[in-house]
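Numbering (full-length UniProt numbering), first residue to last: 1 to 271. Note that CB positions come from ideal geometry on N, CA and C, so glycine has one too. Working notes for the structure below.
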Ligand SMILES: Nc1ncnc2c1ncn2[C@@H]1O[C@H](COP(=O)(O)OP(=O)(O)OP(=O)(O)O)[C@@H](O)[C@H]1O
C-alpha cells in the first residue's frame, strides 16, 4: 500500500467471543467467535439474510451485542468513545444514495472527520489525501461530481475511498465488489491485498466465493445462525459446506464455480 491510506500505525485486535447478534429481541446468530488482527484479510460468506451486515454493524459498535463479549484491544467496543473507534475502524457499507447531494470530494473528506480537531475544517492536506484515495480507486475524475448523480459502481468506489481517507487499522467492507464491473472488481481486490500487505486488517463479505479465494487469508461462513471458522480457506470451503450454505447440490456448485476454485476445493479434506 502506498502512503495515502496507510493504517494509523497502531496494531489492532478485534475479538468476539460467544457473540449473540440480532435486532431488538430477534436473534440472528449466536455463539460467534472470531479474532482479527493486523495484516490479514478475513472473508465472510453467507446467504442473503444470513446476518453478515448485522454482524458487521455489531462489530462496529453500531448495533449492541445481544450477548457474549466483543473487545477491541482488550476493551469492550461499547466502552470506546465513537471518535477513537472511528480512528481505528472504517466501514464500507453497501452503496446507497444519500439524501443530500454532496460533492464526491466532500463525501471522501467525511472520512477525515475523526482525524480533525472537533469543529475544525478539513485542510489542504486533507483534501490532497482525499484526492489520493480517489486516485487509488481510479475515480479521481469524479471529485467535483454530485454523489447522487454517479453510477452505483462509482458510488461503491467512492465509499471505499472515504474509508481509506479515514486511515483505519481495520477496514470492514460489506460486499465491496457488488455492482462493480469485472475490471473494477479486480482492481478493488488488488487494492485490498495491498492494504493487507501494508499492515491493515480487512474483514469483508462477498457473495462471490471466488473473490474470497482470491484475497482471503482466512474464511468464515455464516450458516443458519452459526459461524463456521474463521479458518484456512481450504479447510473451511468444502464443497459440502458451500453447497449447504447456498442450498444447491454439490454438482450445481462445482459447475458454477470457476475451475481454479473447484480445483482448490477438491484438495480440501472430505467432510
Ligand atoms: N433493521 C432491522 N430490523 C430487524 N431485522 C432486520 C434488520 N435488518 C436486517 N434484519 C434481519 O436480520 C437478518 C439478517 O440480515 P442481514 O442484513 O444481516 O443479512 P445479510 O447476510 O447481510 O444479507 P444480504 O446478503 O442479503 O445483504 C435478516 O433476517 C433480516 O431480515
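Bridge-paired residues (DSSP) for residue i
i, result
"residue 205", "44, 174"
"residue 90", "171"
"residue 35", "15"
Burial state of residue i, where buried means 16 or more other Cβ atoms lie within 10 Å
i, result
"residue 69", "exposed"
"residue 23", "exposed"
"residue 177", "buried"
"residue 2", "Note that residue 2 scores 45 on pLDDT, short of 50, meaning its location in the model is unreliable; the coordinates nonetheless yield the value given after this. Burial call: exposed."
"residue 119", "exposed"
"residue 124", "exposed"
"residue 205", "buried"
"residue 166", "buried"
"residue 46", "buried"
"residue 17", "exposed"
"residue 116", "exposed"
"residue 67", "exposed"
"residue 96", "exposed"
"residue 183", "exposed"
"residue 256", "exposed"
"residue 190", "exposed"
"residue 126", "buried"
"residue 143", "buried"
"residue 156", "buried"
"residue 101", "exposed"
"residue 78", "exposed"
"residue 185", "buried"
"residue 76", "exposed"
"residue 169", "buried"
Of the residues the options, the one placed nearest residue i, counting alpha carbons only
i, options, result
"residue 83", "64, 114, 58, 73", "114"
"residue 272", "245, 93, 129", "Limits of the chain in this structure are 1 at one end and 271 at the other, which puts residue 272 out of reach."
"residue 50", "231, 236, 234, 224", "224"
"residue 187", "159, 141, 136", "136"
"residue 194", "216, 179, 210, 88", "216"
"residue 74", "100, 35, 110", "35"
"residue 199", "13, 263, 40, 253", "40"
"residue 111", "100, 159, 147", "159"
"residue 285", "134, 76, 210", "Outside the shown range of the chain, which is 1 to 271, sits residue 285, and nothing can be said about it."
"residue 21", "261, 65, 246, 14", "65"
"residue 259", "90, 214, 196", "214"
"residue 87", "239, 163, 38", "163"
Helix, strand or coil at residue i according to DSSP, with G and I counted as helix
i, result
"residue 54", "helix"
"residue 150", "coil"
"residue 69", "strand"
"residue 219", "strand"
"residue 30", "strand"
"residue 104", "helix"
"residue 76", "strand"
"residue 227", "strand"
"residue 24", "coil"
"residue 161", "helix"
"residue 2", "For residue 2, the pLDDT reaches just 45, beneath the cut-off of 50, and the residue's location in the model is therefore unreliable, although a value from the coordinates is still provided. Coil, per DSSP."
"residue 114", "helix"
"residue 120", "coil"
"residue 188", "helix"
"residue 247", "coil"
"residue 166", "coil"
"residue 239", "helix"
"residue 143", "coil"
Cβ of residue i within 8 angstroms of any chain B Cβ
i, result
"residue 141", "Any reference to chain B falls outside this structure, which holds one protein chain only."
Closer than 7 angstroms: residue i CB and nearest ligand 3 heavy atom
i, result
"residue 53", "This structure does not include ligand 3; its bound ligands are ligand 1."
Check: Any contact of the segment 105-112 with the segment 28-38, i.e. 3+ C-beta pairs under 8 angstroms?
Finding: no
Next item on the list: Say whether the segment 56-73 touches the segment 126-137, bearing in mind that this needs 3 or more beta-carbon pairs closer than 8 angstroms, one atom from each stretch.
Entry: no
Margin query: Check whether the segment 212-232 and the segment 33-51 touch, using three or more Cβ-Cβ pairs below 8 angstroms as the test.
Written below: yes
Check: Would you say the segment 193-207 touches the segment 165-177, given that touching needs at least three Cβ pairs under 8 angstroms?
Finding: yes
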